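Enquirer: If you're matching them up, the sequences are chains A and V in order. Numbering of the first sequence is given in our numbering, commencing with residue 1 and proceeding in unit increments. Numbering of the second sequence is given in our numbering, commencing with residue 439 and proceeding in unit increments. We put the beta carbon where it would ideally sit given N, CA and C, even for glycine. It should be emphasised that the depicted structure is a prediction, and the values quoted were computed from it without experimental measurement. Before I ask anything, let me first share the structure, which is written out below as structure tokens.
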Amino acid sequence: MSERNPRDPNDPVLPAVDEVREVELRGLEAGLGETFEVPIGPIHPALKEPIRLTFRVRGERIVGVDIRTGFAHRGIEFMGMRQGRNLIQVLYLAERICGICSVSHPIAFTQAVERAAGIEVPPRAQYIRVIISELERIHSHLLWAGVAAHELGFDTLLHLTWRVREKVLDILEELSGNRIDYAIPIFGGVRRDITPEQYPKVWEAIRYYRGLQEQLLDAFLNDPTVEARTRGVGILEPKEAEELCAVGPTARASGLRKDVRQDRPYLAYPDFEVRAITPADYGLTPLGDVYDKIVVRLLEVGQSLDIIEKALENMPEGEITSFPKIPALLAHLKKAEGEGLGWHEAPRGEVIHYVRLVSGDESLLVWKVKAPTYSNLMSWYPMFEDQEIADIPIIAACIDPCICCMDRVYVVRDGKEETWTKEKLLQLSWEKTRRMRR
Amino acid sequence: MRAERVLQALTASLGEKLRNPELRPREVGVRRKWTVEEIWAEVPREAIPQAVATLKNLGPLHISIISGHDAGDVIELLYHLAVGFGTEGGEVMVTLRTFLPKSDPRVPSICGILPGAETTEREKIEFLGVEFPGIPRRDHVFLPDDLPVHPWRRDEPELEKFLHRMVEWEKGHERKESEGS
């Protein structure tokens, strides 16, 4: 694929957009350029909480955005720090911070506690944690790809990706008993082993996804509609990504080789020599637009398959936990004193947990959680700037919060309020796709 | 980047202001071993921007989060920063600890040096009542704008009132359900 420049006026994909822009500019010159506000949300649950985005728009263009979060702040850290909860009870809370990264938070949390309490994790348990978290990455990225296709009005692709995603959920259910909330990590190891009968099933899933990889890349990246709707949309420049401390695929799509598994290796990750993926690995110049975010996520599915393969081949034998008896573990944790940081590269980016333990108290003294979207929140400001209203769904989705439950839009125009449903917003997005196809 | 180099740069820039610097190495990996080093140090609040600027000069800088906690007479803040991403094992985690007296819980904002710190600084304003002079936006991120308490303060006199109300509501809710059945 050749080098792309979304601002190139000679790009064959872009004239349709430029024509729209020209009409708008003529409108502005004629004095029709008043700005009005479009508040979106607040029901929007894939962040730690729903969110409200208030856009200032002129015509179809966004000139500013205000982001308000906290509509369902559950105070999980506050609950975890209350007296009378022991660490295993808090582990269950940590698991429920996010439904999609439901192994990422426990992995970061257990590491933080293990560092604070000086607990070693057996090699086999480290490998199992890696395998489960990479399976989670595959399911999360496929989930996102399907949502992105839906936001673009390409439901055939949504159904394709979600159908193939079922396989990885079946494997997670086989290994852990659950499709989400796997309850695998515990302080000092994991709760379930991978048995010899389960290996062939995981290998079969790997072969299944290997066979589909080319098809998925082709369906997303060589489709003119997807390209037209995502090229040059929601750009995050590398400098902005660095300054705003973006993480995960959001940062990598802008060309930053930023991946916690590579930068600050942990658990057994040094064994797999993980390298952060950017669009350059697909032969593209990274622009940081939505298209690049699709590229990075799809390539990372392949990377996760590589890691799981290598882990299955080299799986060490031995114990899966250094504390087979829970009362012994609780007694050790009660005596422990210290502080620790645990981190993990979740599907969306860096998760970090800080804990402090006090000897003689089985509760946590301090617990701070950072989810990836917390870091990526600021990236929305430059991404939305100068974009079209019809592109709001895909730009909001591109950092990978779930936009499905964005319930309504109020348009305040000339003092009159008008309710736009999510369906109407999606309709606008689909109409744009159809316009571009013509 | 090696942790010693980061520590040397911090010592050269801050001198005596850098207190109790500590290198915490840890071996990771099963078949291919790697040593990951973390730096933990204490810095007076007025030196925080200087320390962050020093780290920024060393390489690409990332702020993970600012942790905070009410430690009696003082509020303890921990800046978890990571410097030098991009290469394998090249990033060094630096945690800067600072203490603010409760009578004057102010610390200069680092948003001018690292704009990505804005969300986490705003969170500390609402949860701990810390002030960050120089922050571009200071409205609440997570809590309702009219909530008069800082939930992470352990001596917050009003907090129990809110928890009490929460429990009362739960009780009322349960009663209604049992009456209905």
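Within 8 Å, do at least three Cβ pairs link the region 360 to 376 of chain A to the region 532 to 551 of chain V?
Expert: Contact fails: fewer than three Cβ-Cβ distances are below 8 Å.
Enquirer: Taking Cβ to Cβ, would you say E114(A) is nearer than 9 Å to W367(A)?
Expert: Within the first sequence, the letter at position 114 stands for residue 114(A). Within the first sequence, the letter at position 367 stands for residue 367(A). Their beta carbons are not under 9 Å apart, which means E114(A) does not touch W367(A) by this criterion.
Enquirer: Helix, strand or coil, according to DSSP, for E134(A) in the structure here?
Expert: The residue labelled residue 134(A) in the question sits at position 134 within the first sequence. Helix at E134(A).
Enquirer: For R413(A), I'd like the list of residues in its chain whose CB is within less than 6 Å of its CB, leaving aside the five on either flank, ordered along the chain.
Expert: Locating residue 413(A) in the first sequence gives position 413, counting from the first residue. Note that R413(A) scores a pLDDT of 40, beneath 50, so its modelled location is shaky; the value from the coordinates is reported in the next line. Result list for R413(A): F36, in chain order.
Enquirer: Below 8 Å on the Cβ atoms is my guess for F55(A) versus I62(A); work out the distance and round it to an integer in Å.
Expert: If you number the first sequence from 1, residue 55(A) lands on position 55. If you number the first sequence from 1, residue 62(A) lands on position 62. Confirmed, about 5 Å.
Enquirer: Going along the region 257 to 273 of chain A in order, which residues come within less than 9 Å of chain V, judged by CB to CB distance?
Expert: Under the 9 Å Cβ criterion, the region 257 to 273 of chain A contributes R257, K258, D259, V260, Q262, D263, R264, P265, Y266, L267, A268, Y269, P270, D271, F272 and E273.
Enquirer: Just checking: is the beta-carbon of T558(V) within a distance shorter than 9 Å of some beta-carbon in chain A?
Expert: Taking the first residue of the second sequence as 1, we reach residue 558(V) at position 120. Chain A, which has a Cβ nearer than 9 Å to the Cβ of T558(V), makes this yes.
Enquirer: Does A328(A) pass the burial test, meaning 16 or more other C-beta atoms within 10 Å, or should it be called exposed?
Expert: Numbered from 1 along the first sequence, position 328 holds the residue referred to as residue 328(A). Per the 10 Å Cβ criterion, exposed.
Enquirer: Residues in its own chain within less than 8 Å of V466(V) by CB, not counting five upstream and five downstream?
Expert: As a working note, residue 466(V) is residue 28 in the second sequence. Around V466(V): W472, T473 and V474.
Enquirer: So N376(A) is in the alpha helix (DSSP H); what residue range does that whole segment cover?
Expert: Stepping through the first sequence from its first residue, residue 376(A) is reached at position 376. Start and end: P372 to N376.
Enquirer: Expressed to the nearest angstrom, what Euclidean distance is found between the alpha-carbon atoms of A346(A) and Q427(A)?
Expert: Counting from 1 along the first sequence, the entry for residue 346(A) is found at position 346. Counting from 1 along the first sequence, the entry for residue 427(A) is found at position 427. The alpha-carbon atoms of A346(A) and Q427(A) are separated by roughly 32 Å.
Enquirer: In chain V, which residues lie with their C-beta within 9 Å of the C-beta of E350(A)?
Expert: Position 350 of the first sequence, counting from 1, holds the residue named residue 350(A). What E350(A) touches in chain V: H500, S502 and A520.
Enquirer: Could you tell me the boundaries of the beta strand (DSSP E) in which F323(A) lies?
Expert: Counted from its first residue, the first sequence places residue 323(A) at position 323. No beta strand (DSSP E) contains F323(A), which DSSP labels as neither H nor E.
Enquirer: Shortest alpha-carbon distance to N458(V) belongs to which of E476(V), V481(V), V444(V) and R470(V)?
Expert: Residue numbering aside, residue 458(V) sits at position 20 when the second sequence is read from its first letter. Comparing Cα positions, the closest option is V481(V).
Enquirer: Any contact of the region 219 to 237 of chain A with the region 256 to 265 of chain A, i.e. 3+ C-beta pairs under 8 Å?
Expert: Output reads no: the region 256 to 265 of chain A does not touch the region 219 to 237 of chain A.
Enquirer: In three-state DSSP terms, what is E484(V)?
Expert: Taking the first residue of the second sequence as 1, we reach residue 484(V) at position 46. DSSP places E484(V) in helix when its eight states are reduced to three.
Enquirer: In angstroms with no decimal places, state the Cα-to-Cα distance between A397(A) and K334(A).
Expert: Numbered from its first residue, the first sequence carries residue 397(A) at position 397. Numbered from its first residue, the first sequence carries residue 334(A) at position 334. Cα to Cα, the separation comes out at about 42 Å.
Enquirer: DSSP on L515(V), reduced to helix/strand/coil?
Expert: Within the second sequence, numbered from 1, the residue matching residue 515(V) stands at position 77. If DSSP states are grouped into helix, strand and coil, L515(V) belongs with the strands.
Enquirer: Which residues does DSSP list as the beta-bridge partners of L53(A)?
Expert: For the purposes of this step, residue 53(A) is identified with residue 53 of the first sequence, where counting begins at 1. Bridge partners of L53(A): I40(A) and I67(A).
Enquirer: In chain V, which residues lie with their C-beta within 7 Å of the C-beta of P123(A)?
Expert: By one-based count along the first sequence, residue 123(A) stands at place 123. What P123(A) touches in chain V: V468.
Enquirer: Using a Cβ cut-off of 9 Å (strictly closer), state whether G524(V) contacts chain A.
Expert: Counting from 1 along the second sequence, the entry for residue 524(V) is found at position 86. At least one chain A Cβ lies under 9 Å of G524(V).
Enquirer: Let me know if H344(A) comes out buried or exposed under the rule of 16 or more other beta-carbons within 10 Å of its beta-carbon.
Expert: Working through the first sequence from its first residue, we reach residue 344(A) at position 344. Answer is buried; the Cβ neighbour count reaches 16.
Enquirer: Got a sec? Which residues, its chain only, sit under 7 Å from P106(A) by beta carbon, not counting five neighbours each side?
Expert: To locate residue 106(A), count along the first sequence from 1; it is residue 106. Hits under 7 Å: L91, A94, E95 and P185.
Enquirer: Apart from the five residues just before and just after L461(V), which ones in its own chain have a Cβ nearer than 7 Å to its Cβ?
Expert: For the purposes of this step, residue 461(V) is identified with residue 23 of the second sequence, where counting begins at 1. Result list for L461(V): A441, L445, E475 and I477, in chain order.
Enquirer: Which residues does DSSP list as the beta-bridge partners of H344(A)?
Expert: As a position in the first sequence, residue 344(A) is number 344, starting the count at 1. Answer is V351(A).
Enquirer: Please tell me whether S547(V) has its Cβ less than 9 Å away from any Cβ of chain A.
Expert: Start at 1 with the first residue of the second sequence, and residue 547(V) comes out as number 109. Chain A, which has no Cβ nearer than 9 Å to the Cβ of S547(V), makes this no.
Enquirer: My output table needs one value for R470(V): the three-state DSSP class, helix, strand or coil.
Expert: The residue given as residue 470(V) occupies position 32 in the second sequence. In the structure shown, R470(V) sits in coil (DSSP, three-state: anything other than H, G, I, E or B).
Enquirer: Shortest alpha-carbon distance to G567(V) belongs to which of R591(V), C549(V) and G550(V)?
Expert: Position 129 of the second sequence, counting from 1, holds the residue named residue 567(V). Measuring from the Cα of G567(V), the nearest candidate turns out to be R591(V).
Enquirer: At the 9 Å Cβ level, is F78(A) part of the contact set with chain V, yes or no?
Expert: Translated into the one-based positions of the first sequence, residue 78(A) becomes position 78. Chain V, which has a Cβ nearer than 9 Å to the Cβ of F78(A), makes this yes.
Enquirer: Counting pairs of Cβ atoms below 8 Å between the region 372 to 387 of chain A and the region 126 to 143 of chain A, do you hit three or more?
Expert: No, because fewer than three Cβ pairs between the region 372 to 387 of chain A and the region 126 to 143 of chain A fall closer than 8 Å, the two stretches do not touch.
Enquirer: Run through the region 199 to 269 of chain A for me and flag every whole alpha helix (DSSP H) of 4 or more residues, listed as ranges in chain order.
Expert: Fully enclosed alpha helix (DSSP H) runs of 4 or longer: 199 to 221, 224 to 230, 238 to 243, 248 to 252 and 260 to 263.
Enquirer: Work out the CA separation of H73(A) and G524(V) for me, nearest whole Å.
Expert: Numbered from its first residue, the second sequence carries residue 524(V) at position 86. Numbered from its first residue, the first sequence carries residue 73(A) at position 73. Distance between the alpha carbons of G524(V) and H73(A) is about 33 Å.
Enquirer: Assuming H105(A) is part of the alpha helix (DSSP H), what are its boundary residues?
Expert: Sequence index remark: in the first sequence, residue 105(A) carries index 105 (1-based). From DSSP, the alpha helix (DSSP H) with H105(A) extends over S104 to A117.
Enquirer: Exposed or buried, what is P50(A) when buried is set at 16 or more other beta-carbons lying within 10 Å of its beta-carbon?
Expert: Translated into positions along the first sequence, residue 50(A) becomes position 50. By the 10 Å Cβ count, P50(A) comes out buried.
Enquirer: Which residue or residues does DSSP assign as beta-bridge partners of G338(A)?
Expert: Mapped onto the first sequence, residue 338(A) falls at position 338. BP columns for G338(A) point to L357(A).
Enquirer: Can you find the residues in the same chain that come closer than 6 Å, C-beta to C-beta, to K48(A), ignoring five residues on each side of it along the sequence?
Expert: Start at 1 with the first residue of the first sequence, and residue 48(A) comes out as number 48. With a pLDDT of 39 at K48(A), under the threshold of 50, the predicted position of this residue should be treated as unreliable, and no value is reported.
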